[in-house]
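Residue numbers (my numbering), protein chains in the order written: chain A, 15 to 272; chain B, 15 to 272; chain C, 15 to 272; chain D, 15 to 272.
There are 4 protein chains.
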Amino acid sequence: MERKKWRTTISWHFDGEAYVRGYKLKDLIGNLSFTEAIYLVLKGELPSEKEKKMLDAVFVATVEHSIAPPSVIAGRAVASGGNSLHVGVGAGVLAFGEAHGGALEGAMRFIQENVEKDPSEVVKRYLDEGKRIPGYGHRYYKDYDPRSKRIMEIAKEIGFFGRYCQFALEVEKEIERVKGKKLVMNVDGAIAAVVSEMGFDWRLGKGFFIIGRIPGIVAHVYEELTTEKPFSKRLDEEKEVEYLGEKPRELPESYKRN
Amino acid sequence: MERKKWRTTISWHFDGEAYVRGYKLKDLIGNLSFTEAIYLVLKGELPSEKEKKMLDAVFVATVEHSIAPPSVIAGRAVASGGNSLHVGVGAGVLAFGEAHGGALEGAMRFIQENVEKDPSEVVKRYLDEGKRIPGYGHRYYKDYDPRSKRIMEIAKEIGFFGRYCQFALEVEKEIERVKGKKLVMNVDGAIAAVVSEMGFDWRLGKGFFIIGRIPGIVAHVYEELTTEKPFSKRLDEEKEVEYLGEKPRELPESYKRN
Amino acid sequence: MERKKWRTTISWHFDGEAYVRGYKLKDLIGNLSFTEAIYLVLKGELPSEKEKKMLDAVFVATVEHSIAPPSVIAGRAVASGGNSLHVGVGAGVLAFGEAHGGALEGAMRFIQENVEKDPSEVVKRYLDEGKRIPGYGHRYYKDYDPRSKRIMEIAKEIGFFGRYCQFALEVEKEIERVKGKKLVMNVDGAIAAVVSEMGFDWRLGKGFFIIGRIPGIVAHVYEELTTEKPFSKRLDEEKEVEYLGEKPRELPESYKRN
Amino acid sequence: MERKKWRTTISWHFDGEAYVRGYKLKDLIGNLSFTEAIYLVLKGELPSEKEKKMLDAVFVATVEHSIAPPSVIAGRAVASGGNSLHVGVGAGVLAFGEAHGGALEGAMRFIQENVEKDPSEVVKRYLDEGKRIPGYGHRYYKDYDPRSKRIMEIAKEIGFFGRYCQFALEVEKEIERVKGKKLVMNVDGAIAAVVSEMGFDWRLGKGFFIIGRIPGIVAHVYEELTTEKPFSKRLDEEKEVEYLGEKPRELPESYKRN
């Protein structure tokens with residue numbers, strides 16, 4: 015009886031030679047940019063010139079964004095425990111949960127599931143139900159998010175601005191109209207629109223964030239390993255922690271067995 | 015041609031019934047304590063009463079040790095990114111590198127490779143070569159480490175104090191004699207001695223720390239998920255970070271392609 | 015202006031001495047079993063004798079269950095890439111998602127949210143809505159799950175069988191009555207009932223699985239590191255993989271830039 | 015008293031605007047390719063045209079290499095446990111240990127520490143001491159590694175072939191001369207030479223592999239999540255595992271406490 019096999023469509027060896035999505039790997043080297051190769055790996059086909067440019071903008075917009083977020087804290091803390099570079103980076107990736115990168119997936123899903131509908135009805139329904147629309151609103155940017163603005167400008171310049179981008183912008187206007195205050199299309203919303211234009215499935219959404227942000231995580235973990243002492247990432251109980259637990263107490267006699 | 019199989023000695027199903035190290039899993043439930051089952055899984059045999067007591071002391075000494083270390087920082091930061099409990103706990107375990115738990119492995123190796131030798135010669139050689147002896151010295155404890163003291167007392171009480179413990183204590187004395195100052199046998203050194211008495215291989219060393227400390231990590235990640243807001247683990251650039259990098263500068267004209 | 019502090023109730027240092035949930039750590043060593051210490055860390059209070067026994071049964075039932083599941087595959091594969099013990103174990107923990115350990119959380123939630131209601135109405139509603147009730151049904155066991163049977167027996171023997179266990183068993187009967195076929199209370203369902211009796215929150219559910227199963231993962235990763243060659247966990251494309259992707263094709267001329 | 019701050023040189027906010035290595039992030043979007051942005055993040059400066067081309071070749075050569083390796087097994091197994099995309103990807107990164115990606119770090123270190131020396135003496139010393147020279151030798155390729163050949167060709171074409179590449183090729187010839195058989199410069203060796211030409215530190219070595227391979231891992235985890243059932247990555251004990259452990263045995267009477 016046959017054992018069940020692992021299955022894949024991504025890459026294979028034919029006659030001992032490595033192929034990716036049907037193309038010889040060695041032919042790709044020197045001919046494709048990294049971004050083109052990423053598109054090929056994820057989509058199964060080669061990108062057009064404008065798809066490449068758009069995707070470059072997406073990854074550059076994501077590549078690094080300060081030491082502050084949980085992914086950098088986790089990556090540097092794990093490195094600080096005395097680990098190799100890849101272990102710190104792996105821990106950084108783990109931090110990309112619902113609250114950190116997850117908005118991109120949510121925004122892609124929102125756009126892809128609603129693009130055929132009337133934006134004003136979609137927005138009304140969400141707001142009536144008290145639901146947040148993923149991809150809109152930002153802690154600091156109240157007028158516009160400069161990264162989103164650049165991404166939309168580039169989409170227009172290179173002839174990439176289609177119905178998903180259109181829908182995403184209309185939703186932004188509609189939110190402002192209904193709420194009476196602007197929630198800017200943030201970088202997740204803008205990226206969600208353009209990768210939807212490329213035909214990417216929302217289930218892959220977090221992948222764009224992971225691929226784009228990995229270089230930043232690598233740089234931070236490398237910096238930790240080469241410029242800080244092991245175990246330097248340690249909280250100072252006195253200055254950085256507040257204890258809200260039990261005061262000292264005696265172990266009851268019945269538990270003193272020795 | 016036959017494919018290579020995965021191989022194991024740990025557990026198996028016989029006639030659809032789960033066995034661990036040859037014993038029916040269902041017979042172990044209700045008969046063994048968790049500590050006895052851990053010993054069985056790791057060692058392949060059931061522990062004696064004194065081995066069980068000793069191992070309980072080892073795990074209790076390790077179970078939790080403040081919010082400060084990198085493992086808790088990593089675990090809580092990952093949870094804070096919007097993840098399930100197990101993802102935060104996994105990240106916490108990743109922090110157990112050379113500088114955090116690794117000393118136990120080092121101390122076990124040191125004791126197991128040198129126990130047959132003369133402690134004074136071993137210590138002299140290490141100190142002459144400028145090498146640190148793992149398992150000795152502590153940031154705060156200068157006279158004795160209270161956890162090590164308890165572990166050694168218990169080893170003596172239950173008749174578990176053998177040549178590994180003897181050697182470990184002689185090394186402590188010898189270091190004091192040669193250096194003229196005490197480096198206390200720390201908790202890693204004490205645990206290393208007693209698990210060596212049990213015949214455990216030093217390559218398993220970090221395993222005792224992982225198993226013992228997991229409950230603390232679980233408690234911290236659970237606390238984070240249930241009492242703090244998502245993304246609360248974020249550095250405040252103004253107050254918690256010092257920037258040592260490039261001042262603002264203009265992108266050179268040759269890179270302005272749009 | 016004050017920076018926000020990390021907050022915790024779990025452990026603290028008073029006068030340079032480590033305390034866990036208000037008790038001196040050094041007093042716990044030698045007095046508590048590992049299981050009692052785990053209970054203290056998770057719950058904040060010391061367990062009674064029957065709570066300790068019950069929790070021992072829970073962890074022993076979980077401690078190891080064959081080389082087959084994804085957690086062991088992941089842990090051994092990561093070890094095989096040339097990593098330390100803790101990195102393989104961390105990867106194993108990551109596999110404990112919705113399909114692997116997640117049922118315990120689901121079953122606890124189900125029991126805790128419905129225990130006050132009429133079991134027959136609860137079951138009817140779930141089945142009418144086509145929802146699976148977590149904690150019931152097993153791939154192999156059709157009459158009873160031997161691990162659940164043991165856990166329920168122990169709960170009765172030690173006087174631990176209360177309303178949560180009662181409810182869980184009634185649900186099993188009700189499912190059989192309504193569907194006309196038995197879905198056995200599986201080990202997740204049984205553990206869910208008894209840890210609910212102890213007053214543990216369902217959000218901590220996966221924690222019991224993680225703590226209980228870690229020794230098995232440690233044993234497997236240690237076995238991989240000490241008995242198998244690095245990189246031995248590698249799929250054989252010819253025998254273990256089916257390729258469903260593109261056949262070889264030429265890179266279009268327009269992409270040949272060199 | 016001041017608390018110790020986290021320190022970084024990578025990115026910062028000036029007047030609420032995000033800067034990376036001193037440049038406004040928004041200026042980079044649309045102007046830099048992803049590869050240029052990666053170079054900037056890692057190195058602190060913008061790449062020249064030939065550095066960009068070289069780095070593109072490096073990442074494309076690394077982007078994906080079959081479903082076989084431990085990183086894909088780990089990533090897909092973790093996904094199969096019922097996890098989000100990023101958790102599977104994180105587990106894949108963890109597999110990049112000494113035996114899987116680690117050779118790049120080793121080869122960079124070898125080249126950087128020896129480039130000033132006479133290749134024939136370096137090779138002689140290594141072989142006399144029975145040490146493997148990282149970056150040479152391949153399981154399948156005996157005449158040449160097609161990926162290395164392409165990378166060296168590109169280095170020559172774009173005027174990037176300097177003393178590190180020269181040294182790496184001389185080492186290959188020297189090994190053949192001394193051993194009487196060829197060990198081809200593999201892809202790790204070739205990448206090590208060209209990123210050394212760019213002035214990257216060997217401690218960052220694994221970072222190039224991580225960044226380059228992440229798209230492949232993302233594609234595999236996405237494929238697992240969208241085309242396979244949860245828990246499908248499970249070993250079949252009968253067909254895929256060999257049990258080498260204890261035969262069934264009775265729990266000794268002294269352990270039967272219930």
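Each residue gets a CB set at the ideal place from its N, CA and C atoms; glycine is no exception.
When beta bridges are read from the DSSP output, residue 37/D appears opposite 34/D. Comparing alpha-carbon positions, the option among 134/B, 223/B and 258/B lying closest to residue 190/B turns out to be 134/B. Burial check for residue 220/C: the Cβ neighbour count within 10 Å reaches 16 or more, so the residue is buried.
Per DSSP, reduced to three states, the secondary structure at residue 152/A is coil, with no helix or strand assignment. In chain order, 81 make up the part of chain D whose C-beta sits under 7 Å from the C-beta of residue 20/A.
Contact check for residue 245/B against residue 94/B passes: the beta carbons are separated by less than 9 Å. Residues of chain C whose Cβ lies closer than 7 Å to the Cβ of residue 228/A do not exist; the shortest such Cβ separation is about 18 Å. Within chain D, the C-beta atoms nearer than 7 Å to that of residue 70/A come from 47 and 48, in chain order. Cβ proximity to chain B below 7 Å picks out 112, 113, 114 and 116 from the segment 112-146 of chain A. In this structure, residue 229/A lies near residue 225/D, with their beta-carbon atoms less than 9 Å apart. Within the segment 110-134 of chain D, the alpha helix (DSSP H) runs of at least 4 residues that lie entirely inside it are, in chain order, 116-128. Against chain D, the CB of residue 97/C has a partner CB under 9 Å away; the residue lies at that interface. In the structure shown, the three-state DSSP call for residue 21/B is strand.
With a contact defined as Cβ atoms closer than 8 Å, residue 88/D and residue 88/C qualify at about 5 Å. Not a single C-beta of chain D is nearer than 9 Å to the C-beta of residue 247/B. It is roughly 20 Å from the alpha-carbon of residue 113/D to the alpha-carbon of residue 232/C. Not a single CB atom of chain B sits nearer than 9 Å to the CB of residue 231/D. DSSP links residue 255/B through a beta bridge to 20/D.
Rounded to whole angstroms, residue 101/C and residue 46/C show a C-alpha spacing of 29 Å. The segment 75-85 of chain D makes contact with the segment 26-40 of chain A; the number of CB pairs closer than 8 Å reaches 3 or more. When rounded, the separation of the alpha-carbon atoms in residue 147/D and residue 138/D is 11 Å.
Taken in chain order, the complete alpha helix (DSSP H) segments of 4 residues or longer contained in the segment 132-202 of chain B are 133-142, 160-171 and 177-193. Three or more Cβ pairs closer than 8 Å define a contact, and the segment 198-215 of chain C meets that threshold against the segment 122-133 of chain C. Our two residues, residue 24/B and residue 237/C, have alpha carbons roughly 9 Å apart in a direct line. Nearest C-alpha to residue 149/D among 143/D, 174/D, 172/D and 179/D: 179/D. Put simply, the backbone Cα of residue 115/C is about 15 Å away from that of residue 74/C.
Identification of chain B residues near residue 104/A by a Cβ-Cβ cut-off of 8 Å yields 108, ordered along the chain.
Excluding residues up to 5 positions away in sequence, 198 lie with their Cβ nearer than 7 Å to the Cβ of residue 158/A in the same chain. Sequence-distant Cβ neighbours of residue 202/A in its own chain, meaning closer than 6 Å and more than five residues away, are 117, 118, 121 and 149. Among the residues of chain A, those whose CB is under 7 Å from the CB of residue 41/C are 265, following chain order. Closest in alpha carbon position to residue 44/D, among 181/A, 195/A, 196/A and 162/A, is 162/A. Within its own chain, the residues whose Cβ lies closer than 8 Å to the Cβ of residue 239/B, once the five positions on either side in sequence are excluded, are 93, 99 and 102, listed in chain order. DSSP places residue 214/A in the coil class of the three-state scheme, outside both helix and strand.
Going by beta carbons, residue 86/C and residue 234/C fall inside the 9 Å limit. For residue 27/D, the secondary structure class from DSSP, reduced to helix, strand or coil, is strand. Contacts with chain A at 9 Å (Cβ-Cβ) include residue 234/D.
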